[in-house]
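If you read the sequences in order, they're chains B and Z.
The opening position of the first sequence corresponds to residue 129 in this note's numbering, with each subsequent residue numbered one higher.
The opening position of the second sequence corresponds to residue 4 in this note's numbering, with each subsequent residue numbered one higher.
Backbone N, C-alpha and C fix where the C-beta goes; we use that ideal spot for every residue, glycine too.
Since the model is a prediction, treat every value here as computed from it, not as a measurement.
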Amino acid sequence: MKQILILALLLFSGLSSCAKKKVDEPENTPVVQQARLSLRPMFDSDYLYLDSIYTLNNGYKIQFLELKAYFADIQSGGTVLKEIALFNYRDNGTLVFQADQVVTNPTSIQFGIGVPSSVNHNDPSTFANTNPLNIAIANDMHWDWNPGYIFFKIEAKADTIVDAVTNCDLSLVYHVGTDTYFTTKTISNLNWSAVSSTLNEAWLKLNLKNFVENPASPIDVKTETSTHSASSQAALTEKARQNFAASLSAL
Amino acid sequence: MNRFLISILGLLILFLGCTKEKVGYDPTPYTLKIPSHFPQMPIPADNPMTEEGVLLGRMLFYERKLSLDYSISCGTCHAPDASFSDPQPFSQGVGGTIGTRNAMALINLGWQTSYFWDGRAQTLEDQILEPVPNPVEMHLQWKDAVTRLKSDVTYLNQFYKAFGVIDFDSTHVAKALAQFLRTMISGDSKYDVMYKFANNIPLTAAEVAVKNTVTAEEWAGYGSFQDLNGADCFHCHNGVLVQVQKFANNGLDAVFTDLGRGAITHNANDNGKFKVPTLRNIVLSAPYMHDGRFVDLDAVIEHYSTGVQHSATIDPLMEFASVGGVHLDEEERNQLKAFLLTLTDYKFVTNPDFKPLNP
């Protein structure tokens, strides 16, 4: 009898050692408030979609292919919501950033369009993997021919022959960068709304029709087709800088 | 009493057997040798790098059992001497079948965001799953490939050491190969020194010595490579990877015989677009383009100089497409070619860690 008891005890302890460990009960995680800033590209009053064709006032057709921009030092009421964000319409849709933040001044937001000179010329490989300035994320938003970041890029094709045939075959490339063209912007009529109990969201819009046709400095897409912010392209670069900033507003 | 002692002994052996697997699986983390001017490599959480996994991947890369007739391995079409690409325009699969695209050079794959010329694979692990069952490549069903590997005690042991599994499958094969491929980092060419110098990144004494060997012709070629009014290559071939992560139509054809990315997305705006490849080790990885149509660098330079074809999806950054190209004269072509040769990383292509274990 004693032998059987010992055997049973050994068998029980052996099987117990083979058994899986119990999983700990999940702990309650604290509630974190988040803020999300989104940007809706528009063509006048319509939502703008890449690859779709739109008509300018002069009858020219335009097809936007790429839209990316850096936004820096995004602040609300003195609180930095995000140090740097990369808007990439094709890959990430309308998201500018989402972060663990409580918005302190709901109607006003300030930010830079581009990358501040203090970090613009750093080795792009040294930023943390999750930082939008890391070259793996920046990808084609970093120049090594003119070391620094492209602050924003708009690529498009246009048809400047006004007839019944649409053939967008004229390339338009507006790549704006270098410290001179860093721009600060304040938007004071922003509307934050609750998406959920923990997430507030505000929307900006970027009117690309205005980017081309801004009455203060319209871009003639037939002749002003390209800038990479080289010194010889200063006039168009400045026009693109002004128009981009002027086309951003609260949605 | 004897029977009692024998029973206790038997039970002890049984209990020890229960814990044997845990003791035998103890992988060693692998530290990637990433050049200082490169970003950190993103590693999937479900496939951490280990010494055992990398070794297994290296064994599998050169394993002919993964092809139907035991004739080819991954390394057949991605030959080390050709910077892990194929000198033939189209690779030959088992039974003499011929593929439709040029085998891409396997360089710095850990930083890619898509794989294949058409980007149909999103991860390296997914990419690896395709060539084995592909009828024009290795043409072996994965279940048969795994059965072959399981009949080899060396592989049984190595899969156990790498992943702690005995009943491994194709996903484990893919993970091991991916680990090996992630170690294939190229960042030690003359170009790397030129890049660091141009970007104000401090050079070591050895790199300063290399910089001092860069010729005026090579610097001129680098200048043209990055000149909006020169060769104008930098939009797509940028940074330490000498490529950006995108799909582009670089003006090869006015009418497409291969839709490229468009065949994957079914979006006409993607027709004729292909993944932008790296230019690292470019002189070693001829022929060029997705179909290997250009036999040498001279032919490539000729294309971008005067042979660009216009089409609806041509990349807007091909800014000289309307006049057929960038129109380089002979001196500029020679300078550009001299620069392209600086992209050769001899240490990479001769690295013994990338060669077969038993050549």
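Using beta-carbon distances, P244(B) does not count as an interface residue toward chain Z, since no partner is under 7 angstroms. For the C-beta of A177(Z), not a single chain B residue is nearer than 9 angstroms; the gap to the nearest is close to 22 angstroms. Taking a 10 Å sphere around the C-beta of A344(B), we find fewer than 16 other C-beta atoms and assign the residue as exposed. According to DSSP, P169(B) shares a beta bridge with L334(B). With the criterion set as a beta carbon lying under 8 angstroms from some beta carbon of chain B, the members of the stretch 192–205 of chain Z are Y198, A201, N202, N203, I204, in sequence order. Assignment of S227(Z) by DSSP, reduced to helix, strand and coil, places it in the helix class. Residue range 300–309 is occupied by the alpha helix (DSSP H) that includes H306(Z). Counted as a single uninterrupted DSSP element, the alpha helix (DSSP H) harbouring S245(B) occupies residues 245–248. At the C-beta level, Q338(Z) and S227(Z) come within 7 angstroms of one another. The residue from L334(B), Y198(B), G305(B), I265(B) with its alpha-carbon nearest to that of F192(B) is L334(B). According to the DSSP assignment, F215(B) belongs to the beta strand (DSSP E) that extends over 207–216. Here Q248(Z) is near N267(B), since their CB atoms are less than 7 angstroms apart. Interface annotation, A264(B): in contact with chain Z, CB-CB separation under 7 angstroms. The beta-carbon of N259(B) is placed no less than 7 angstroms from the nearest beta-carbon of chain Z. Counting of Cβ neighbours within 10 angstroms places V352(Z) among the buried residues, the total reaching 16 or more. I317(Z) is the residue among T281(Z), E305(Z), I317(Z), H240(Z) whose C-alpha sits nearest the C-alpha of G275(Z). Closest in alpha carbon position to L223(B), among S236(B), G205(B), Y198(B), is Y198(B).
With respect to F279(B), G242(B) sits close: the two C-beta atoms are nearer than 7 angstroms. Against N267(B), the close residues of chain Z are T116, N241, G242, V247, Q248, K249, in the order they occur along the chain (beta-carbon pairs closer than 9 angstroms).
As the crow flies, the alpha-carbon of Q238(B) is around 42 angstroms from that of G254(Z).
Scanning its chain for C-beta atoms nearer than 8 angstroms, with the 5 sequence neighbours on each side dropped, one finds around D172(Z) the residues W145, V149, in chain order. When the beta-carbon positions are compared, V286(Z) and Q246(Z) stay at least 7 angstroms from each other.
When DSSP reads this structure, G276(B) sits in a beta bridge with W271(B). By the criterion of at least three beta-carbon pairs nearer than 8 angstroms, the stretch 26–37 of chain Z is in contact with the stretch 47–60 of chain Z.
Excluding residues up to 5 positions away in sequence, K214, V217, E221, W222, Y225, T345 lie with their Cβ nearer than 8 angstroms to the Cβ of M197(Z) in the same chain.
In this model, L298(B) and E322(Z) are separated by some 9 angstroms (Cα to Cα).
Counting only runs that start and end inside the stretch 171–244 of chain Z, the alpha helix (DSSP H) elements of at least 4 residues fall at 173–185, 193–201, 208–214, 219–228. Cβ contact annotation for F297(Z) (same chain, cutoff 7 angstroms, sequence separation greater than five): P290, Y291, V303, H306, in chain order.
Cα atoms of G305(B) and I315(B): separation of roughly 22 angstroms, rounded to the nearest angstrom. For I267(Z), the three-state secondary structure derived from DSSP is helix. Contact check for P275(B) and N241(Z): beta-carbon distance about 11 angstroms, past the 8 angstroms limit, so the pair fails to qualify. What K285(B) touches in chain Z, judged by beta-carbon distance under 7 angstroms, is P319, going in chain order. Scanning its chain for C-beta atoms nearer than 6 angstroms, with the 5 sequence neighbours on each side dropped, one finds around S375(B) the residues L334, N335, N338, F339, in chain order.
Taking a cut-off of 8 angstroms on C-beta distances, the stretch 324–333 of chain Z does not touch the stretch 262–269 of chain Z, as fewer than three cross pairs fall below it.
Within the stretch 250–278 of chain Z, the residues whose Cβ lies closer than 8 angstroms to some Cβ of chain B are N270, N272, listed in chain order. Proximity to D72(Z) across H142(Z), E128(Z), E133(Z) peaks at H142(Z), based on C-alpha coordinates.
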